[in-house]
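Encoded as structure tokens, the structure appears first; notes follow it.
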Amino acid sequence: MNEPVKLKAKDYKSAVKPIWCPGCGHFSILNALTKAFAALGIAKDDTVLVSGIGCSSRLPAYVDSYGFHGVHGRGLAIAQGLKVARPDLTVIAMGGDGDGFSIGGNHFIHACRRNVNMTYIAMDNEVYGMTKGQASPTTPADWDHSKLTPHGPGVRPFKPAALALAAGAPWIARGYSGNPNQIAKLIAEAIEHPGFSFVQVLSQCITFCPEQTDWKAIVNEREEAPLVDADEAAQLFLHEDGFQTGVLYNAPRATWPPSPPEPQSQDITRGFCL
Amino acid sequence: MTQTELSVAITGAGGAGVISVGELLLQAWAREGGRGLLRKAFGPQIRGGESAALLKLTESERYTAASSYQVLLAFDWNNYSRFGDEIKLAPGCIVFCEEAAEVPAEVMAVKPDLVCLPMKQLAAQAHEEGRVNMLALGLLGQLLGLSEASLSELATQKLAHKPLAYQQAAQACIAAGTGYGLSCDVPVPVPGAKGCWYISGNQAAGLGALEAGIRFVAAYPITPASDVLEWMASPLEQLGGNLVQAEDELAAVNMIIGAAFGGVPAFTATSGPGLALMTESLGLAVASETPITVLNVMRGGPSTGIPTKSEQSDLNIALHGLHGDAPHLVLAPLDIADCVYTSAWAVQLAQQLQTVAIVLSDQFIGQSTAVISEPQRCAALEAAATEDNDYLRYRLTESGISTMATPGDAGLRYTADGLEHNEAGTPSARDDDHQRQLHKREHKLSACSYGDAWARAEGDGELAMVCFGSASAALCEAAELLAEQGVAARTVSLRLLAPLQVERLQAALAGCSSVWVIEQNHGAQLYHYLRGQMDFAMPVHSYARAGPVPLSGAAIVAAMKEATAA
Numbered sequence: 285m286n287e288p289v290k291l292k293a294k295d296y297k298s299a300v301k302p303i304w305c306p307g308c309g310h311f312s313i314l315n316a317l318t319k320a321f322a323a324l325g326i327a328k329d330d331t332v333l334v335s336g337i338g339c340s341s342r343l344p345a346y347v348d349s350y351g352f353h354g355v356h357g358r359g360l361a362i363a364q365g366l367k368v369a370r371p372d373l374t375v376i377a378m379g380g381d382g383d384g385f386s387i388g389g390n391h392f393i394h395a396c397r398r399n400v401n402m403t404y405i406a407m408d409n410e411v412y413g414m415t416k417g418q419a420s421p422t423t424p425a426d427w428d429h430s431k432l433t434p435h436g437p438g439v440r441p442f443k444p445a446a447l448a449l450a451a452g453a454p455w456i457a458r459g460y461s462g463n464p465n466q467i468a469k470l471i472a473e474a475i476e477h478p479g480f481s482f483v484q485v486l487s488q489c490i491t492f493c494p495e496q497t498d499w500k501a502i503v504n505e506r507e508e509a510p511l512v513d514a515d516e517a518a519q520l521f522l523h524e525d526g527f528q529t530g531v532l533y534n535a536p537r538a539t540w541p542p543s544p545p546e547p548q549s550q551d552i553t554r555g556f557c558l
Numbered sequence: 256m257t258q259t260e261l262s263v264a265i266t267g268a269g270g271a272g273v274i275s276v277g278e279l280l281l282q283a284w285a286r287e288g289g290r291g292l293l294r295k296a297f298g299p300q301i302r303g304g305e306s307a308a309l310l311k312l313t314e315s316e317r318y319t320a321a322s323s324y325q326v327l328l329a330f331d332w333n334n335y336s337r338f339g340d341e342i343k344l345a346p347g348c349i350v351f352c353e354e355a356a357e358v359p360a361e362v363m364a365v366k367p368d369l370v371c372l373p374m375k376q377l378a379a380q381a382h383e384e385g386r387v388n389m390l391a392l393g394l395l396g397q398l399l400g401l402s403e404a405s406l407s408e409l410a411t412q413k414l415a416h417k418p419l420a421y422q423q424a425a426q427a428c429i430a431a432g433t434g435y436g437l438s439c440d441v442p443v444p445v446p447g448a449k450g451c452w453y454i455s456g457n458q459a460a461g462l463g464a465l466e467a468g469i470r471f472v473a474a475y476p477i478t479p480a481s482d483v484l485e486w487m488a489s490p491l492e493q494l495g496g497n498l499v500q501a502e503d504e505l506a507a508v509n510m511i512i513g514a515a516f517g518g519v520p521a522f523t524a525t526s527g528p529g530l531a532l533m534t535e536s537l538g539l540a541v542a543s544e545t546p547i548t549v550l551n552v553m554r555g556g557p558s559t560g561i562p563t564k565s566e567q568s569d570l571n572i573a574l575h576g577l578h579g580d581a582p583h584l585v586l587a588p589l590d591i592a593d594c595v596y597t598s599a600w601a602v603q604l605a606q607q608l609q610t611v612a613i614v615l616s617d618q619f620i621g622q623s624t625a626v627i628s629e630p631q632r633c634a635a636l637e638a639a640a641t642e643d644n645d646y647l648r649y650r651l652t653e654s655g656i657s658t659m660a661t662p663g664d665a666g667l668r669y670t671a672d673g674l675e676h677n678e679a680g681t682p683s684a685r686d687d688d689h690q691r692q693l694h695k696r697e698h699k700l701s702a703c704s705y706g707d708a709w710a711r712a713e714g715d716g717e718l719a720m721v722c723f724g725s726a727s728a729a730l731c732e733a734a735e736l737l738a739e740q741g742v743a744a745r746t747v748s749l750r751l752l753a754p755l756q757v758e759r760l761q762a763a764l765a766g767c768s769s770v771w772v773i774e775q776n777h778g779a780q781l782y783h784y785l786r787g788q789m790d791f792a793m794p795v796h797s798y799a800r801a802g803p804v805p806l807s808g809a810a811i812v813a814a815m816k817e818a819t820a821a
């Protein structure tokens, strides 16, 4: 047996060139992900990246692991089916804010509730980029840059962390594309968390939301330890500005499915014989 | 008819235990070697609606729904009347009913042999917890010549989880029924060999899937498919597999895609509205060449339609519902026993061809329970050869089938994609990649050799009848009726609908002077599909009648006669 070669971050990248615009925040998430893989010594053959549809969902093809680029909004369902059927694999789902919180919103809350041992990275740029700049569930109510909603979407944006907490997610973190080293640490911790781990990454869309460059001045790293009390976390997530980064909540609980009972008889026809 | 058949209808309010009477009666009958079918008919309510156990005791295992009933036991007349045309009484039939109630005029019109008795009072006298349904079981058991001991034993087994008083009440009421002095009599069918199975089509389809290797099931409840999933849960656990109750059908289909991508054969069951929700992702499974099997237990549609009753009206969506050019398999089990075979065959074909298989069962065969000889099994298909040099997931091969690596396979990493892709799986919008991959996905299905299981073809004659799925029994019944009238007919019951085996079907119809396409829907979906797929050398007629009344041989023959006379 050869000694396993220690892989570097770049060794986890595939030969496929990203379609993202220059300056897109998603590049830094891709870099952070491969950095986290290198730090954990992740086995490429035993890792699957699963995504939905959108700019961010193109990411699996850019990583040299197994991958599944699915349909819009359903990445979490594919990922959970895979992980339940193949608990030996490391499964990471990812997608954008439209994919995860709008068309896939039901899967998001049920994934938080179900607590399958996997990681979900929401690459949140508050906009539908691939369809050229419409408001998403996390877009500010007064954002009036889209022809579809010329007066702004006019509805309150989702608070993804609050939603995840209410639905039962045991581990919640937030990163910012301007700080890839922090994202790498968050992703590595998320993968190691035994259960459903949710990483929201504020990822700026330079093309449709150039104003997001202002985020740099607003984001602030949380200095306190992650909250373990759901009531305290609820207070935080309902009242914060959404720009606090770090591991925000960490309260592990039993994952699903529980360990299966010992296999019994293989005869499954007995009940039918008279 | 040379064989004796006896049809018995038991009607009452949902929750009154009508179905239990039917089940126990058929089980006791089957123990004696009798053959029979129990069809369950409900209103859409769970409790308080109408409910009917419709039994047909026979000497063969070809099960059609009864066209008329020689025996009726009505707990009350209100719920009986809600079935309208669905329960036709034979002239002079035996009717058991509550003494005090006025018998409806439409029942009196068939000049029944009335057995009016104080059922409620007799049940209460037998035991303070006594229920009419167990008294009814005793009465009908007596009529069929079944022993009190056998009925009592089966009832006690069924009530094993209930308090002892319930069991004692059931035993007392059964005894009161079997001991009641009945003066009526009916000819009963001759029993056959003992040692049969007692199984519903939904259970049979689940069994076939598990026997073919399904080890992951995602489930979202929907009538009339829920009981497939409910039955599978325990045996799947027994086999070391997993079942996930999904949040909706969108999740269910994507979960099985995920499991199948992981190399674990995966399955879900649904009905029309659920299939509609799943179709986007069926396209994903076709494009990414991920093998999945979806059992669709058809019910009256569109929309919520008649969710508790049968129809064959999802053929169009199963064949044509996917967006883009998305070749896939569509199969249909021909009867309850065949649900085991067709379900297993579908799973194996989906695995071999790395595609979607939709299996079109329906409420009639799905939720009916029958006594059957041990069902025929589908032999394992040959596994495709694998390759791992210069691995390309979507390699263009002669058969169209390329090796599917699964996560964990060393060095064969790829990203499955619903985006059009090249041989490596890399997204591509190029014309040449699109043409080649479209051809690959179509060719692997059309080049496959499906063998003799594509249809069940029987008989000879210049008249041919073609159907799919559960219409097969009515078709064969029609052929028998025609034979009695001196008309030879052949029947072709299609098990494989897509890809349609055009050459084989043409060969099966060679020499016919006319063809009738028989189906249980309003739009003549099979008729139009066949007309679009192939040329016929003879006139083709359609008999398409929507549910909820089951197809019958007599109605088919009558329609043919009418068309000929016109």
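Protein chains in written order, with the numbering used here: chain E, 285 to 558; chain G, 256 to 821.
By construction, the Cβ of each residue, glycine as well, lies at the ideal position given by its N, Cα and C atoms.
(Q) Can you check whether the C-beta of L324/E is within less than 8 Å of a C-beta belonging to chain G? (A) On the first sequence, residue 324/E is found 40 positions in, with the first residue counted as 1. Cβ-Cβ to chain G under 8 Å: no for L324/E.
Q) Mind pulling the chain G residues with CB within less than 9 Å of H394/E? A) For the purposes of this step, residue 394/E is taken as residue 110 along the first sequence, with counting starting at 1. Those within 9 Å of H394/E in chain G are A501, E502, D503 and A506.
Q: Could you name the residues of the same chain whose beta carbon sits closer than 7 Å to that of A420/G, not counting the 5 residues immediately before and after it, in chain order?
A: Residue numbering aside, residue 420/G sits at position 165 when the second sequence is read from its first letter. Excluding positions up to five away in sequence, the list reads E384.
Q.
If I measure Cβ to Cβ from M285/E and keep anything under 6 Å in the same chain, skipping five residues before and after, which residues do I get?
A. Here residue 285/E refers to the residue found at position 1 when the first sequence is read from its first residue. Caution applies to M285/E, whose pLDDT of 44 falls short of 50 and renders its modelled position unreliable; the value that the coordinates give is listed next. Closer than 6 Å at Cβ, skipping near neighbours: no residue.
Q: Count the other C-beta atoms from every protein chain shown that fall within 10 angstroms of the C-beta of M363/G, then say buried if there are 16 or more, exposed otherwise.
A: In the second sequence, residue 363/G corresponds to position 108, counting from 1. By the neighbour-count rule (16 or more Cβ atoms within 10 Å), M363/G is not buried but exposed.
Q) CA-CA distance, H689/G and H310/E? A) Sequence index remark: in the second sequence, residue 689/G carries index 434 (1-based). Sequence index remark: in the first sequence, residue 310/E carries index 26 (1-based). The alpha-carbon atoms of H689/G and H310/E are separated by roughly 28 Å.
(Q) By the three-class DSSP mapping on this structure, what secondary structure does M256/G have? (A) For the purposes of this step, residue 256/G is identified with residue 1 of the second sequence, where counting begins at 1. Residue confidence is low: M256/G scores 46 on pLDDT, short of 50, so the model does not pin down where it sits. Its coordinate-derived value is still stated next. Here M256/G sits in coil by DSSP.
Q.
With the cut-off set at 8 Å, would you say V742/G and M789/G are in Cβ contact?
A. Within the second sequence, residue 742/G is the residue found at index 487, counting from 1. Within the second sequence, residue 789/G is the residue found at index 534, counting from 1. No.
Q. Using the rule of at least 16 other Cβ atoms within 10 Å of the residue's Cβ for burial, across every protein chain shown, is L522/E buried or exposed?
A. Sequence index remark: in the first sequence, residue 522/E carries index 238 (1-based). Answer is exposed; the Cβ neighbour count stays below 16.
Q. Taking DSSP as the reference, what is the three-state secondary structure of N333/G?
A. Indexing the second sequence from 1 puts residue 333/G at position 78. Looking at N333/G - three-state DSSP - the assignment turns out to be helix.
Q. Of all the options R537/E, F492/E, P544/E and E505/E, which has the alpha carbon lying nearest to the alpha carbon of L449/E?
A. Start at 1 with the first residue of the first sequence, and residue 449/E comes out as number 165. Ranking R537/E, F492/E, P544/E and E505/E by Cα distance to L449/E puts R537/E first.
**Q.** Within-8 Å CB hit, D295/E to chain G
**A.** Numbered from 1 along the first sequence, position 11 holds the residue referred to as residue 295/E. D295/E does not count as touching chain G.
**Q.** Beta-carbon gap between S402/G and Q426/G smaller than 8 Å
**A.** Along the second sequence, one-based indexing puts residue 402/G at 147. Along the second sequence, one-based indexing puts residue 426/G at 171. Not a contact, by the Cβ cut-off of 8 Å.
Q) Looking at chain E, which residues of the stretch 530–558 of chain G have a Cβ within less than 9 Å of any of its Cβ atoms? A) E535, S536, G538, L539, S543 and T545
Q) Is M407/E helix, strand or coil when you go by DSSP? A) One-based indexing of the first sequence puts residue 407/E at position 123. It is a strand residue.
Q) Mind listing which residues of the stretch 342–365 of chain E have their C-beta closer than 7 Å to chain G's C-betas, in chain order? A) P344, A345, D348, S349, Y350, G351, F352, H353, G354, V355, R358, A361, I362, A363, Q364 and G365
Q. Does the Cβ-Cβ distance between P770/G and V721/G come in under 8 Å?
A. Reading the second sequence from its first residue, position 515 is the one you call residue 770/G. Reading the second sequence from its first residue, position 466 is the one you call residue 721/G. Checking the displayed sequence, the identity of residue 770/G turns out to be Val instead of Pro. The answer is yes: Cβ separation under 8 Å.
Q.
Does chain E have any CB closer than 8 Å to the CB of G468/G?
A. The residue you call residue 468/G lines up with position 213 of the second sequence. Not one chain E Cβ lies under 8 Å of G468/G.
Q) Taking the C-alpha atoms as reference points, what is the distance between K367/E and G517/G? A) For the purposes of this step, residue 367/E is taken as residue 83 along the first sequence, with counting starting at 1. For the purposes of this step, residue 517/G is taken as residue 262 along the second sequence, with counting starting at 1. For K367/E and G517/G, the distance between alpha carbons rounds to 8 Å.
Q) Quick one: Cα of K294/E to Cα of K319/E, how far? A) Indexing the first sequence from 1 puts residue 294/E at position 10. Indexing the first sequence from 1 puts residue 319/E at position 35. So the two alpha carbons sit approximately 8 Å from each other.
Q. Going by other Cβ atoms of all chains shown within 10 Å of its Cβ, with 16 needed for buried, is D408/E buried or exposed?
A. Counted from its first residue, the first sequence places residue 408/E at position 124. Buried, since its Cβ has 16 or more Cβ neighbours within 10 Å.
**Q.** V472/G versus R554/E - alpha carbon distance
**A.** Within the second sequence, residue 472/G is the residue found at index 217, counting from 1. Within the first sequence, residue 554/E is the residue found at index 270, counting from 1. Whole-angstrom Cα-Cα distance: 21 Å.
Q: Please say whether G716/G and R745/G have beta carbons closer to each other than 8 Å?
A: As a first step, residue 745/G is located in the second sequence; it is residue number 490 there, counting from the start. As a first step, residue 716/G is located in the second sequence; it is residue number 461 there, counting from the start. Yes. Within cutoff.
Q) Which residue's Cα is closest to the Cα of Q496/E: T423/E, A509/E and A457/E? A) Taking the first sequence and counting its residues from 1, the one referred to as residue 496/E is at position 212. Here the closest residue by C-alpha is T423/E.
(Q) So W209/G contacts chain E; which residues on that side make the cut at Cβ distance below 9 Å? (A) This structure gives no information on residue 209/G, because the portion of chain G shown stretches from 256 to 821.
Q | P346/G in three-state terms, based on DSSP | A | Locating residue 346/G in the second sequence gives position 91, where the first residue counts as 1. DSSP places P346/G in strand when its eight states are reduced to three.
Q.
Across the stretch 536–548 of chain G and the stretch 480–492 of chain G, are there enough close Cβ pairs to call them in contact, namely three or more that are closer than 8 Å?
A. no
Q) Does the stretch 305–317 of chain G touch the stretch 264–284 of chain G, meaning 3 or more C-beta pairs lie closer than 8 Å? A) yes
Q | Proximal residues to V263/G (C-beta, below 6 Å), its chain only, five neighbours per side dropped | A | The residue labelled residue 263/G in the question sits at position 8 within the second sequence. Once the five neighbours on either side are set aside, the close Cβ partners of V263/G are L310 and V326.
Q.
Quick check on DSSP: helix, strand or coil for H477/E?
A. Numbered from 1 along the first sequence, position 193 holds the residue referred to as residue 477/E. DSSP places H477/E in coil when its eight states are reduced to three.
(Q) Going by DSSP, what residue range makes up the alpha helix (DSSP H) through A420/G? (A) The residue given as residue 420/G occupies position 165 in the second sequence. L419 to T433 is the span of the alpha helix (DSSP H), which, as asked, contains A420/G.
Q) What first and last residue would you give for the beta strand (DSSP E) that runs through C722/G? A) To locate residue 722/G, count along the second sequence from 1; it is residue 467. Start and end: L718 to F723.
Q: Go through its chain and collect everything with a Cβ distance to S481/G's Cβ below 7 Å, but skip five positions before and after it.
A: For the purposes of this step, residue 481/G is taken as residue 226 along the second sequence, with counting starting at 1. The answer is none, since no qualifying residue turns up.
Q: Can you give me the start and stop residues for the beta strand (DSSP E) that V531/E sits inside?
A: Within the first sequence, the letter at position 247 stands for residue 531/E. Run containing V531/E: Q528 to N534, per the beta strand (DSSP E) assignment.
(Q) Counting only C-beta atoms, is V492/G closer than 8 Å to chain E at any point? (A) Taking the first residue of the second sequence as position 1, residue 492/G is located at position 237. Contrary to the premise, residue 492/G reads as Glu rather than Val in this sequence. At least one chain E Cβ lies under 8 Å of E492/G.
Q: Report yes or no: is there a C-beta of chain E within less than 8 Å of the C-beta of S446/G?
A: As a working note, residue 446/G is residue 191 in the second sequence. Just to set this straight, residue 446/G is Pro in the shown sequence, not Ser. Not one chain E Cβ lies under 8 Å of P446/G.
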